[in-house]
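Read the structure below first, then the notes.
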Amino acid sequence: MIKSKNTVCHLFALTFFIGSKFAYSLANNNMISFLTKPTNAIISFITNNASSYSPKTGFYYSNLNIVIDKSCSGFNFWMLLFLLLFFSTLKFIKTYKNKLLLFLATLLISYLLTLFTNTSRILVSLFITQNTSLHYSWLHQAEGVFIYLSFLIVFYLSLNYLQNKFTNKHEKLA
Amino acid sequence: MKNLLNPKWLILIHVIPVALLFCIYYGEFHTIKSILKEDTLELWYNFGITLFILFIGNITYILFCIVKKNKVSVYYAFLALTIYSSYLYIYSNYSHKIIPRSIPSWMLSRNTDLYIGTFLMPTLAYALFVIVISLTNLEKKHKAWKSFLLSLSVPLIAYIFAQIILPFWKPVSYNFKQHVLIILAVIAVIIFLFFLIRSIYILSLNKGKNLKNLYLISKFAFALICPLTGLGLNQGLGNVFGDFTSLWFYIIALLNGTLMCLSFFEGKRYRLLLYIGKCITFSFTCYFFIVFLPFLPISVIAILAFGIGLLMLSPLALFIIHIQELTRDYSFLKHHITKTKLITITILGFIAIPAIITLSFKNDKTVLHETLDYVYTPDYSKDYNINKKSLEKTMEIVSKNRSRSSGFSMNRQIPYITPYFNWLVLDNLMLSNSKIKTIKNIFFKSEPFKIRPERLRNKDVEISNICSNSTYNPKDKSWTSWIDIEITNSNQNNFTSEYATTIDLPDGCWINDYYLYVGDRKEMGILAEKKSAMWIFSQIRNINKDPGLLHYLTGNKISFRVFPFAKNEIRKTGIQFIHKDPVTINIDNHKLVLGEAKVEPKTTPDNKHVLYISAKEKEKLQKIQRTPYYHFIIDTSKDKDSLTHNYIKTINNFLTNSKLNIKNAKLSYTNSFTSTRNFTSGWENELKVQHFQGGFFLERAIKKILFNSYTNTSNNYPIIVVVTDNILDAIISKNFADFKFAYPESNLFYHLNTLGYLASHNLDKTPKQFINNKTTVLLKNEVLAWPNTNNVKAYLPNNNKPSIILNSFSFEINPNLIQPLNWSSGLKMQGKWLLDVLYPKQAENNWNNNVKMSFDSGIMTPLTSYIVVETEAQKETLLKKQKEALSGKKSLDLNEQTQRMSEPGFLLVLILFGCFLFFRKKKLT
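Written out as structure tokens, the structure reads:
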């Protein structure tokens, strides 16, 4: 008899992750627009600045002198968050059908949360650039790491909290 | 090995490789799609869809097996073997149509043909393993030698068949015969491999003392002797399977073989160490297994030549042995060490070699980029330190890539590792031959790159009529002047001729427009990006059409060419100049004065960064003599260490005879790099301890001196004296006319040879050729101090010609202020160009903007060219090429300050978040 547990799902998710990372490395700005386009729309709405798009450059804001392209898409965060959500919740799901649904659901939820996080990251970076004289690339990186890490921790702790609550409720009912 | 029947293996063996195969082929398809014909496209779709259906079928089966908790069935293995063998066979029949020969090789990555075999072969091998395991009943006592003999009988039968039956066989058609033979060969290979794997499998089961000994012997043979012999034989045969000549292959093969044979003791620590070692070398075994997978089918033929065939099979045998050994050690160790630790050790061990290779390649990439920066876009104020060992390796691979051998021959590359290197280090780009040779010459003093001189047929093609017409622009206070030229070909032969000449432009004068008569039609010139225009010109020149071309050479020298001229043909052309003052233009000894001294020109008030000083203004400036000092450039390139004493003697003699004080003198020890210091006593000892290596990169040494002299304005100026036995060996790609503003006193530098002779050379023209070979140094050179002697901001040449001054070493030009037919725009662009000459690193970033500004103003700069083409198609091609060069309109607006809102590094976030999870878990427990 073969023990299945969740190894297959883990392998499947990891394969999906590796495949996506590989596809991402081949992708251009057009292909990644499903992430950059909504991010651009939100940035444009909040900052009240229009951008112009070209496949080579991405979304360019002439007034702010910034570019939102493939490297700013938030793809890495999306993949990281997806793995986190999927692996954390997988143990609660029993059937393969539900596991597949969970896979799709976490993919979608992590996508939406990525848009939120990535936009926050860019806006904070813009705030620093526009309101201070601190124009260092390392600062931009550090700010990105801080925002990403904070959101990852917040999402993880919230998920843990919800899971504990859900489990306790079930135990009480039982 | 029974564990192999777990369907999860198929994810690793089938799903991941085929998914990768899809990604690779998608990338290739995306690149060549536009040039494929309809029927070829159909083939791509058919093969792609078939493979996709098979892929989905496999995934469904895997999921089914996992859900139902079944093992992989032997029927699946038979089916997979049949279907994928057929797929590969059909693919190989159409492979020449799928990737037609018409596709340029540079558009595809290497070994595209081999990818499909490589990525599907694991599935085939796995199917064969499953069949072997399923059909070998463990309860029965099997004899390994029987299976081995049966496997050997296959090549024997094949040999008999080829010798006796084949000559009498008369099939219906040649195609039929060919297909039948290949199918028979495939079946024979499968049967052969089946029995071979079975015999190794029986041996590895290790039942009985005799078998145990036999297994040890086979381990010794397949894990130690065969790999080492194979590597040696491959090298002896001229690297037929790839370039495995690196000593590391031998070391790891030896280590791996030793580890395989060391299974005598049962100690926990001993077994753990063995396990770690085997995990590390497993990537080596896997590598050779993958490399030799596509060659397995020909192993039957090779087995006829017994030794070679067996060697080709050793990666397969080693792979089985290695897995068996790892499984055995794992089973033993899991009773002593936790599963998590064991899995961590396994993963870390397996990725150790690939990680080391990747890190080494990453380092090579950094070195290569540093080298390219150093040679082509240097920062003259920075000291570079380049790892020559790493660079040598990279250049070796890049050179091998250039001289790529076609087809099956792999003797110049390491399979899969070289393409990985190309992808990681070179981004799949190729360096031009000239760049490779220049870098090699600079760093390793190899053969210099020799440009083949262009064959110009411009004899007896001369100007027969020339006139000018100037118009004053009161708004801009400048002149625009047309020079109309009539050129006649007086050649008596029937070859098409060309008109080619050079024009020296004075400072503050630029080319603004151009025309050429094509038949009776006056074609106006198109201002194009220089490289695109030169590419088009060379294309057209090859097919005898009608182009005219104007572009900058070095400094203010313009190349002017018209092509073609038939016998006795007269052609009309014209160039428009924009200038502030009256200027004299000399075209092929025809001197024309353009404009008149109509208004008193003044220094441009609207631009504080770049200033134009007219000849009249210069007359008012005060003449001064700056204090000269010697700046010796000593050749410390490879093999010149024997000249040290000659250098010391010559320099000391030279200084004894010189009237110049050596107080401010400087020394630059120059080989690949330049290291400069003050000329102090004891310099002789310093010279003796220099590293004499690489080429003599004189161009960089001179440019550094000129850069420092111009950017640190002082009352001193350098007199450059090059000390070498042979200046012709020095690396100088072009003259120093671009730096003309940095040597206002004199355009001379000197060569002091080891015999003590001093020769003068010209920085402006051909620096390697001497002007006077027995000369003395000219010390009295006058310059003009600007704006006055009390507060000198720049020194200008005392030559009755206008000059341009950079008043600031860092400024940006607002592209919106660039206007057509505007002299001030030309001045701003000229200032930017001078800045780019001094700071090439910045120039790289500003390239797009600078080209765009030239287009907007219509003024030709060293980055653009004026070209006339005859047909609309040529215009289209030019514009397309130009669009490619400047692709992305908005990117023209980007500058170095534009901030890219990039994500932080994935690994960094992952590691930090991993740390958070780790500490949290620790805290909770």
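Protein chains in written order, with numbering that gives the first Met the number 0: chain L, 0 to 173; chain W, 0 to 924.
Beta carbons: idealized from backbone N, C-alpha and C, even for Gly.
Of all alpha-carbon atoms in W:S809, W:S856, W:L620 and W:L754, the one lying nearest the alpha-carbon of W:W785 is that of W:L620. Listed along chain L are V144 and L148, each with a C-beta nearer than 8 Å to that of W:L911. At least one CB atom of chain W sits nearer than 8 Å to the CB of L:S124.
Inclusion of W:P801 and W:I612 in the CB contact set at 8 Å is warranted, their separation being smaller than that value.
C-alpha of W:Q177 to C-alpha of L:F21: approximately 40 Å in a straight line. With fewer than 16 other Cβ atoms from the protein chains shown falling within 10 Å of its own Cβ, W:N136 counts as exposed. At a Cβ-Cβ threshold of 8 Å, W:I201 and W:S146 count as neighbours. Looking at W:E461, W:K7, W:F808 and W:V366, the one whose alpha-carbon comes closest to that of W:K68 is W:K7. The residues N28 and I31, in chain order, have a CB closer than 6 Å to that of L:K69 in the same chain once the five nearest residues on each side in sequence are set aside.
Neighbourhood of W:A18 in chain L, by CB distance below 8 Å: T14 and G18, in chain order. If you draw a 10 Å sphere on the C-beta of W:V179, you find fewer than 16 other C-beta atoms in it, and that means exposed. For W:F905, a Cβ of chain L is located within less than 8 Å of the residue's own Cβ. Rounded to the nearest whole angstrom, the CA to CA distance from W:F696 to W:Q768 is 16 Å. Non-local beta-carbon contacts of W:I396 in its own chain, meaning distances under 7 Å to residues more than five positions away in sequence, involve T417 and F420 in chain order.
Listed along the chain, the chain L residues whose CB falls inside 7 Å of the CB of W:V66 are Y95. Assignment of W:G755 by DSSP, reduced to helix, strand and coil, places it in the coil class. Here W:S198 carries a helix assignment [DSSP, helix/strand/coil]. A residue is called buried once 16 or more other Cβ atoms fall within 10 Å of its Cβ, and W:T59, having fewer, is exposed. Interface criterion met: the Cβ of W:K7 is under 8 Å from a Cβ in chain L. At a C-beta separation below 7 Å, L:V7 has these neighbours in chain W: K7 and I65.
If you compare the alpha carbons of L:F11, L:I65 and L:T113 with that of L:F86, the shortest gap goes to L:F11.
Your pair L:L25 and W:C22 checks out as a contact, with CB atoms roughly 7 Å apart and the cut at 8 Å. Under the three-state reduction of DSSP output, W:M859 falls in the coil class, being neither helix nor strand. Shown here, W:S330 sits in a helix according to DSSP, grouped into three states. Scanning chain L for C-beta atoms nearer than 8 Å to the C-beta of W:C22 yields G18, F21, A22 and L25, reported in chain order. The three-state secondary structure of W:A664, taken from DSSP, is coil.
Note on the segment 40-113 of chain L: whole beta strand (DSSP E) runs with a minimum of 3 residues are 51-53, 57-60 and 65-67, in chain order. For W:F918, no Cβ of chain L is located within less than 8 Å of the residue's own Cβ. A residue is called buried once 16 or more other Cβ atoms fall within 10 Å of its Cβ, and W:T924, having fewer, is exposed. W:P226 is the residue among W:G47, W:A499, W:P226 and W:S469 whose C-alpha sits nearest the C-alpha of W:W247.
Residue state for W:Q689 is assigned as coil, using DSSP reduced to three classes. Secondary structure at W:A596: coil, using DSSP grouped into helix, strand and coil. Of the other Cβ atoms in all chains shown, 16 or more fall within 10 Å of the Cβ of W:D328; this residue is therefore buried. Taking C-alpha positions only, W:L123 is separated from W:I199 by approximately 18 Å. Between W:K474 and W:W822, the CB-CB gap reaches or exceeds 8 Å.
The continuous alpha helix (DSSP H) containing W:M828 extends over residues W822 to L837.
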